[in-house]
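First the structure, in the form of structure tokens, and then the observations on it.
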Amino acid sequence: MQVAKWLRVQALLSTDEMKALFEMLNCGIYNVSSVQTDDQPLSGALFLDAYDAYISGLQRGDVLPDKVYFNAALSKEPLLLKQVGEGRYLFRADRPVIQLQHHTFAMIGSKCQSMVLGKESVSWGLQFSFPQIAMDADGICHKPLRTTENGKMFLELQKWMRTQTTPTSFVINGEKKTFPIRLGKMCSEWIKCYPQTKAWI
0 MQVAKWLRVQ ALLSTDEMKA LFEMLNCGIY NVSSVQTDDQ PLSGALFLDA YDAYISGLQR
60 GDVLPDKVYF NAALSKEPLL LKQVGEGRYL FRADRPVIQL QHHTFAMIGS KCQSMVLGKE
120 SVSWGLQFSF PQIAMDADGI CHKPLRTTEN GKMFLELQKW MRTQTTPTSF VINGEKKTFP
180 IRLGKMCSEW IKCYPQTKAW I
């Protein structure tokens, strides 16, 4: 399956906010980036533990996330599982899914550029992405956003983000600017001391 024209939501949430979001989504979390030793989706509890460790690390200035948990796929329906060896399994996204990635950004001039890696990049939660166009094995294009369970889940995620988070404001060159990256309402106090962005708050 080929997909294109991604919709994206980038947000830094507290652990409690992330827990509330995943309880609302009620979906599976799948490792689609590496081989694993069991045939099950990732544990939601272990995902939240990894996210909590990530948030605690941010407050100390440590920004390295758990790559397995923060490079995953979210799906309402089970994904295709392949056994690639004795005790070795690999999930494949055989349908449009919500792609989950560690989100970073960089201030380039007065613009906030997401998914920029480098010395000046800032770690800022997770990016959730969903494709607006999908082409199946027969070459037929579909619009999965409103016609699939995962597309409808992404719409619910967008709705949740609008009510539970706010756009992020930074002071750049003496001028307050608002950017589309989101900040959980429960993060509003500690973010003032976040080492990577406190100069802009």
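Residue numbers (numbering that gives the first Met the number 0): 0 to 200.
Where a beta carbon is used, it is the ideal one built from N, C-alpha and C, also for glycine.
To the nearest angstrom, how far is the alpha carbon of V62 from that of H102? Locating residue 62 in the sequence shown gives position 63, counting from the first residue. Locating residue 102 in the sequence shown gives position 103, counting from the first residue. For V62 and H102, the gap between their C-alpha atoms comes out near 11 Å.
Answer with buried or exposed for N172, where buried requires no fewer than 16 other C-beta atoms within 10 angstroms of its C-beta. Counting from 1 along the sequence shown, the entry for residue 172 is found at position 173. Its Cβ having fewer than 16 others within 10 Å, N172 is exposed.
Figure out for me which residue from D137, L99, M106 has the closest Cα to the Cα of D65. Numbered from 1 along the sequence shown, position 66 holds the residue referred to as residue 65. For the residues D137, L99, M106, the minimum Cα distance to D65 belongs to L99.
Could you please give the first and the last residue of the uninterrupted beta strand (DSSP E) stretch that includes T167? In the sequence shown, residue 167 corresponds to position 168, counting from 1. T167 -> beta strand (DSSP E) spans 164 to 171.
F129 beta carbon less than 8 Å from that of I180: Within the sequence shown, the letter at position 181 stands for residue 180. Within the sequence shown, the letter at position 130 stands for residue 129. No, these two residues do not count as a Cβ contact at 8 Å.
Extract the residue ranges of the beta strand (DSSP E) inside the region 44 to 86, only unbroken runs of 3 or more that lie entirely within it. DSSP assignment within the region 44 to 86 yields the following whole beta strand (DSSP E) runs of 3 residues or more, N-terminal first: 70 to 74, 79 to 84.
Name the DSSP beta bridge partners of W5, please? In the sequence shown, the residue the question calls residue 5 occupies position 6. Beta-bridge partners of W5 (DSSP): P130.
For R161, does the three-state DSSP call read helix, strand or coil? Working through the sequence shown from its first residue, we reach residue 161 at position 162. If DSSP states are grouped into helix, strand and coil, R161 belongs with the helices.
Is the beta carbon of A49 closer than 8 Å to that of Y29? Stepping through the sequence shown from its first residue, residue 29 is reached at position 30. Stepping through the sequence shown from its first residue, residue 49 is reached at position 50. Cβ atoms of Y29 and A49: not closer than 8 Å.
Would you check if the distance between the CB atom of Q126 and the CB atom of M114 is smaller than 8 Å? Here the question's residue 126 lines up with position 127 in the sequence shown. Here the question's residue 114 lines up with position 115 in the sequence shown. The answer is yes: Cβ separation under 8 Å.
Here's the rule: buried if 16 or more other CB atoms are within 10 angstroms of the residue's CB, otherwise exposed. What is S74? Position 75 of the sequence shown, counting from 1, holds the residue named residue 74. S74 should be labelled buried.
C-alpha gap between P77 and S109, whole angstroms: In the sequence shown, counting from the first residue as 1, residue 77 sits at position 78. In the sequence shown, counting from the first residue as 1, residue 109 sits at position 110. In a straight line, the C-alpha of P77 is about 42 Å away from that of S109.
Look up T177 in the DSSP assignment and give the residues it is bridged to. Position 178 of the sequence shown, counted from the first residue, corresponds to residue 177. Answer is S168.
Beta-carbon proximity of L11 to G183, cut-off 8 Å: Translated into the one-based positions of the sequence shown, residue 11 becomes position 12. Translated into the one-based positions of the sequence shown, residue 183 becomes position 184. Yes, they are a contact pair.
E174 versus C111: straight-line alpha-carbon distance, rounded: Within the sequence shown, numbered from 1, the residue matching residue 174 stands at position 175. Within the sequence shown, numbered from 1, the residue matching residue 111 stands at position 112. CA-CA distance, E174 to C111, rounds to 14 Å.
Select from M185, V83, Q163 the residue whose C-alpha is nearest the C-alpha of T36. The residue given as residue 36 occupies position 37 in the sequence shown. Distance from the Cα of T36 is smallest, within the candidate group M185, V83, Q163, for V83.
In terms of residues, what are the limits of the alpha helix (DSSP H) holding K18? Along the sequence shown, read from residue 1 onward, the residue named residue 18 stands at position 19. It spans 14 to 24 - the alpha helix (DSSP H) in which K18 sits, taken as one unbroken run.
How about G124 and Q9: do their beta carbons lie closer than 8 Å? Numbered from 1 along the sequence shown, position 125 holds the residue referred to as residue 124. Numbered from 1 along the sequence shown, position 10 holds the residue referred to as residue 9. Yes, these two residues count as a Cβ contact at 8 Å.
For a quick check, are the C-beta atoms of R91 and V31 less than 8 Å apart? Within the sequence shown, numbered from 1, the residue matching residue 91 stands at position 92. Within the sequence shown, numbered from 1, the residue matching residue 31 stands at position 32. Closer than 8 Å, so yes.
Is DSSP giving K191 helix, strand or coil here? Taking the sequence shown and counting its residues from 1, one reaches residue 191 at position 192. Looking at K191 - three-state DSSP - the assignment turns out to be helix.
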